[in-house]
Each structure stands twice: as structure tokens, then as C-alpha cells.
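K.L.:
Starting off with a structure, shown below.
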Amino acid sequence: MALSRHAQIRCQQRGISPLICEWLQDYGSTVQTHGATKRYFDRAARRRLAAAVGAQVVDRMSPLLNAYLVESVDETVITAGHRTERIRRR
49 MALSRHAQIR CQQRGISPLI CEWLQDYGST VQTHGATKRY FDRAARRRLA AAVGAQVVDR
109 MSPLLNAYLV ESVDETVITA GHRTERIRRR
């Protein structure tokens, strides 16, 4: 997973750990937005994650799972943040 310099700074500022970024890459759901891909944890993604690492781990880490990543076409992470609103899919 390649992070841009901007994404590294944003992850540090917003307290998003590399583990959460890796889980988003592996198990997160995707939606196309403005020519980029947004990865986030919805109910299905949390189920996939729970099957891989265990439901108890997901329950304890649930406050940290409200993060998202925005990736460019070449799968470089552009930025990261915390969801405060629902992600709209069309």
C-alpha cells in the first residue's frame, strides 16, 4: 500500500493507525467518487473483517473503524479521515 505524503500527514494528524489502513485495503467496501475510490467499513466489510480477525477484536476496535481512505486510480492513498456522515452510494 503506497501512501502519498499528504496521506501520511493526515493519518498522523487524525490518529488513523497503519493497521486500520491495511484493514481498509483488505476488507473495506468501495465506492467511486470524483474519479477516485473511497474505501470504508460498512456492515458487510465489518463482517468480513470479523471473519478474518475475530468478532471480539472488531467489537473492541469499533470506534477506530469509522475511518475512510481515498485512493487514486493507481491505488495510491491520497488522503484519510474519519466518517462523520454516511457515505452515499448511487
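In this note's numbering, the protein residues as written are 49 to 138. Backbone N, C-alpha and C fix where the C-beta goes; we use that ideal spot for every residue, glycine too. Computed from a prediction, not measured in an experiment: that's the story for all the values here.
If you reduce the DSSP assignment to three classes, tell me which class His82 lands in.
P.N.:
coil
K.L.:
Would you mind giving the Cβ-Cβ distance between Ala84 and Val118, rounded to the nearest angstrom? I have them listed as a contact below 8 Å.
P.N.:
At roughly 5 Å, the Cβ-Cβ gap stays under 8 Å, so Ala84 and Val118 are in contact.
K.L.:
Comparing C-alpha positions only, which one of Asp90, Ala99, Ala128 sits nearest to Ser52?
P.N.:
Ala128
K.L.:
Per the contact definition of three or more C-beta pairs closer than 8 Å, is the stretch 72-90 in contact with the stretch 120-127?
P.N.:
With a cut-off of 8 Å, the stretch 72-90 and the stretch 120-127 count as touching, because enough Cβ pairs lie within range.
K.L.:
Cα separation between Arg91 and Ala98?
P.N.:
10 Å
K.L.:
Using the C-alpha atoms, what's the distance from Val79 back to Arg137?
P.N.:
7 Å
K.L.:
Can you check DSSP and say which residues form a bridge with Ser77?
P.N.:
Tyr88
K.L.:
Can you give me the C-alpha to C-alpha distance between Arg87 and Arg131, rounded to a whole angstrom?
P.N.:
11 Å
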